[in-house]
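J.:
Number of protein chains: 2
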Amino acid sequence: MQMSNPYLTRRNDSAAIVARVDPVVYEESITQGVSEQQKQDYAKNGFLQIDHLFSAEEVKYLLDELHQMRQDFAVQQRPEAIIERESQEVRSIFNVHRLNEVFKNLVSDERVLNVARSLLGSEVYVHQSRINYKPGLHGKEFFWHSDFETWHSEDGMPRMRALSCSILLTDNSEHNGPLLVIPGSHKHYISCQGETPDEHYKKSLKKQEYGVPDGSLLEYLADMGGIHSCTGLAGSVVFFDCNLMHGSNSNITPFSRSNIFFVYNSIDNQLQQPLGGIKPRPEFIAAREDIDAIQPNNLEL
Amino acid sequence: MQMSNPYLTRRNDSAAIVARVDPVVYEESITQGVSEQQKQDYAKNGFLQIDHLFSAEEVKYLLDELHQMRQDFAVQQRPEAIIERESQEVRSIFNVHRLNEVFKNLVSDERVLNVARSLLGSEVYVHQSRINYKPGLHGKEFFWHSDFETWHSEDGMPRMRALSCSILLTDNSEHNGPLLVIPGSHKHYISCQGETPDEHYKKSLKKQEYGVPDGSLLEYLADMGGIHSCTGLAGSVVFFDCNLMHGSNSNITPFSRSNIFFVYNSIDNQLQQPLGGIKPRPEFIAAREDIDAIQPNNLEL
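In the order they appear, the protein sequences are chains A and B.
Number 138 in the UniProt record's numbering belongs to position 138 of the first sequence; there are no gaps in the numbering.
Number 13 in the UniProt record's numbering belongs to position 13 of the second sequence; there are no gaps in the numbering.
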């Protein structure tokens with residue numbers, strides 16, 4: 001991979017912007033759960049929001065499960081749980097599709113899984129899963145980043161053939177720190193400065209210090225594509241390309257923001273060795289073993 | 001004042017919410033620059049936004065002056081300049097209506113001054129002035145607060161008969177940390193816990209530790225009034241009541257947010273002694289000496 005790698009990053013030379021060489025929508029035989037128009041929008045913008053994909057009852061059921069898990073994990077000090085530095089609250093829990101029956105069923109729900117299969121043009125597996133809770137009043141911002149830049153360098157994901165799916169469990173308004181994206185930014189790869197230290201993930205999940213894109217390159221992307229807030233009611237789902245530049249502002253409103261986050265990767269895009277000889281991140285953050293294609297179900301939640 | 005003070009705060013008993021006893025719009029003889037409908041909206045919501053009050057040429061002229069001042073003050077280490085902790089950039093400069101000829105003229109510009117005189121129903125003077133610069137990429141959030149709660153306790157402002165006027169010098173979108181307000185919150189007074197230490201202002205202008213409203217009371221206000229973003233193009237002006245609950249989220253966009261901020265106070269509402277026997281804040285933050293009514297002008301900027 002290193003020889004012909006079009007996506008070099010985390011080196012000590014200067015930051016750079018290079019063109020994406022991979023497709024965004026992979027044209028293959030699977031087309032379910034997504035229209036041709038939606039495919040075109042996704043190819044152009046790098047994201048696709050589908051409103052009302054889950055009912056109010058399902059949202060309530062999932063949100064209750066999320067809060068139950070946060071409560072259980074608050075006392076357990078497990079590595080899958082990310083604790084907010086100031087408030088000591090559980091902000092995220094990783095690996096929920098293996099740790100919890102409800103989320104295990106959800107990850108193969110055809111409403112989300114088929115969209116991933118159709119856009120990535122192949123069978124897929126789950127690279128990463130988590131639940132996120134951004135508290136009201138003191139929710140912190142999360143700086144701009146391309147997930148692929150991290151997955152490529154720290155996990156050895158070879159190509160841009162993965163996507164994220166964020167299932168909104170609370171209403172996301174313009175006020176409570178919604179997902180911000182730069183439309184079209186997925187067509188450009190921002191290589192970041194600085195070699196990754198070993199076990200960087202233990203810190204980076206709280207505050208990113210490597211893999212931070214250069215400010216003037218961000219300005220260049222934002223001047224081209226503008227900035228879009230993925231606002232929507234609970235039950236909406238946002239799918240976005242692995243290389244889409246995204247982040248979020250803080251949340252001083254009293255209204256918390258919760259979602260479930262699945263990353264689907266093509267079975268043809270399995271992880272290799274991380275860049276720069278660093279140690280691979282653990283299975284609960286980046287799957288290397290549990291990589292069988294998952295089959296869609298239409299179970300009632 | 002202490003005997004009959006309806007707005008006690010900064011004490012060690014618990015936080016409280018009490019009804020405002022003062023008018024919002026003071027019905028007197030002056031009515032210029034604002035319609036009856038606008039007065040009613042302001043009375044109900046606690047704020048009033050007037051778009052396009054300054055032309056694009058005027059905005060450019062004012063923004064150039066703001067940047068020139070920031071540059072001059074960056075090297076001077078003057079107390080009027082508030083430096084951002086992380087970036088070491090000049091975030092705010094106080095007292096600009098005395099330090100700078102352009103802003104001295106602007107503070108008496110009839111387009112803003114007459115709105116203040118009409119809403120406060122009397123002649124007014126400038127309690128405080130400043131320019132604000134919220135940088136792109138790393139602009140920090142500012143937590144909810146009522147200005148009056150601070151001015152009452154730390155400056156001894158007796159009554160709610162003052163307003164702020166924010167002149168937007170860059171476009172404020174939903175993305176770059178615009179002013180957030182809770183409509184209707186100005187009708188309620190949130191008393192805050194904790195006695196103010198002396199010289200608190202030296203810290204509080206960077207990060208508020210006293211005068212922070214209770215989270216459940218904020219939720220109560222937001223459930224009643226919702227949350228509104230004061231978004232608008234450069235040249236718009238937002239007038240808001242001294243007791244309106246407001247704050248702003250962070251700004252990770254590459255687009256900075258700059259404004260000029262004047263506080264007009266009724267000449268019938270001059271400062272008394274601060275609560276709790278603390279030392280008054282300096283003249284450049286809270287005017288005690290320079291309190292003559294200012295007369296409107298219609299000079300070209």
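Every residue gets a Cβ at the ideal spot worked out from N, C-alpha and C, and that includes glycine.
Keep in mind the model is a prediction, meaning the values are calculated, not measured.
(1) In the DSSP assignment, find the alpha helix (DSSP H) that holds His127(A) and state where it starts and stops.
(2) Which residue comes first and which comes last in the beta strand (DSSP E) that contains Ala19(A)?
(3) Less than 8 angstroms between C-beta atoms, sequence neighbours within five positions excluded: which residues of the same chain meet that for Glu174(A)?
(4) Leaving out five residues before and five after Arg281(B) in sequence, what residues of the same chain have Cβ atoms less than 7 angstroms from its Cβ?
(5) Apart from the five residues on each side of it in sequence, which residues of its chain come closer than 8 angstroms, Cβ to Cβ, to Val102(A)?
(6) Between which two residues does the alpha helix (DSSP H) containing Asp155(A) stretch?
(7) Within 10 Å of its beta-carbon, does Ser250(A) have 16 or more other beta-carbons around it, so buried, or fewer, so exposed?
(8) Closer than 7 angstroms, Cβ to Cβ, to anything on chain A: give me those residues from the segment 206 to 233 of chain B, in chain order.
(9) Hey, could you find the ends of the alpha helix (DSSP H) Arg265(A) is sitting in?
(10) Nearest CA to the CA of Pro197(A): which residue from Ala74(A), Cys165(A), Gln273(A) and Glu209(A)?
(11) What do you reckon, is the C-beta of Ile267(B) under 7 angstroms from a heavy atom of the ligand ATP?
(12) Which partner residues of Val237(A) appear in the DSSP bridge assignment?
(13) Between the Cα of Gln38(B) and those of Ile131(B), Ser55(B), Ala116(B) and Phe261(B), spot the shortest distance and give me the residue it belongs to.
(14) Can you check whether the C-beta of His127(A) is within less than 8 angstroms of a C-beta belonging to chain B?
(15) Quick one: Cα of Leu8(B) to Cα of Tyr264(B), how far?
(16) Tell me the rounded alpha-carbon separation between Glu289(B) and Glu283(B).
(17) What are the residues that DSSP puts in a beta bridge with Tyr189(B)?
(18) Give the straight-line distance between the Cα atoms of Asp13(B) and Glu149(A), rounded to the nearest whole angstrom.
(19) Taking all protein chains shown into account, decide if Gly277(B) is buried (16 or more other Cβ within 10 angstroms of its Cβ) or exposed.
(20) Please list the terminal residues of the continuous beta strand (DSSP E) segment that includes Phe103(B).
(21) I'd like to know whether the C-beta of Pro280(B) is nearer than 8 angstroms to at least one C-beta of chain A.
(22) Which residues in chain A sit within 8 angstroms of Asn132(B), going by Cβ to Cβ distance?
(23) Per DSSP, what kind of secondary structure is Val115(B) in: helix, strand or coil?
(24) Tell me which residues share the same chain as His97(A) and place their Cβ nearer than 8 angstroms to its Cβ, disregarding the 5 neighbours each side in the sequence.
(25) Please state the DSSP three-state secondary structure of Gly276(B).
(26) Could you give the DSSP three-state label for Asn251(A): helix, strand or coil?
(27) Measuring CB atoms only, is the segment 131 to 147 of chain A touching the segment 238 to 256 of chain B, in the sense that at least three cross pairs come out at less than 8 angstroms?
(28) Within 8 angstroms (strictly less), CB to CB, does Leu137(A) reach chain B?
(29) State the CB to CB distance for the pair Ile93(B) and Met69(B), rounded to an integer number of angstroms; the pair is presumed to be in contact (CB under 8 angstroms).
(30) Run down chain A in chain order and give the residues with a C-beta less than 7 angstroms from the C-beta of Ser250(B).
(31) Scan the segment 64 to 93 of chain B for residues whose Cβ lies nearer than 7 angstroms to a Cβ of chain A and list them as they occur along the chain.
(32) From the DSSP secondary-structure annotation, give me the bridge partner or partners of Phe143(B).
(33) Distance check for Val238(B) and Cys165(B), CA to CA, integer angstroms please.
(34) Run through chain B and tell me which residues come within less than 9 angstroms of Ser180(A), C-beta to C-beta.
(35) Tell me the rounded alpha-carbon separation between Met1(B) and Met160(B).
T.: So, from the listed chains and residues:
(1) Run containing His127(A): none in the alpha helix (DSSP H); it sits in the beta strand (DSSP E), Val124 to Lys134.
(2) Ala16 to Ala19
(3) Ser229 and Thr231
(4) Glu154, Asp155 and Tyr201
(5) Tyr61, Leu62, Glu65 and Leu301
(6) Asp147 to Asp155
(7) buried
(8) Gly215, Leu218, Glu219, Ala222, Ile227 and Ser229
(9) The question names Arg, yet the displayed sequence has Asn at residue 265(A). No alpha helix (DSSP H) holds Asn265(A); the beta strand (DSSP E) holding it covers Arg257 to Ser266.
(10) Glu209(A)
(11) For the ligand ATP, the structure offers nothing, since it holds no ligand at all.
(12) Ile50(A) and Ile167(A)
(13) Ala116(B)
(14) no
(15) 22 angstroms
(16) 7 angstroms
(17) Val18(B)
(18) 51 angstroms
(19) exposed
(20) Taken as a continuous stretch (DSSP letters only), Phe103(B) belongs to no beta strand (DSSP E), being part of the alpha helix (DSSP H) at Glu101 to Val107.
(21) no
(22) Chain A residues near Asn132(B): none, gap ~17 angstroms exceeds 8 angstroms.
(23) helix
(24) Phe103, Lys104, Leu106, Val107, Val126, Ser129 and Phe262
(25) helix
(26) strand
(27) yes
(28) yes
(29) 6 angstroms
(30) Glu141, Asn249 and Ser250
(31) none
(32) Beta-bridge pairing links Phe143(B) to no other residue.
(33) 6 angstroms
(34) The displayed chain sequence assigns Leu, not Ser, to residue 180(A). Neighbours of Leu180(A) on chain B, chain order: His175, Ile252 and Thr253.
(35) The predicted position of Met1(B) is uncertain, since its pLDDT is 43 and thus under 50; no value can be drawn from it.
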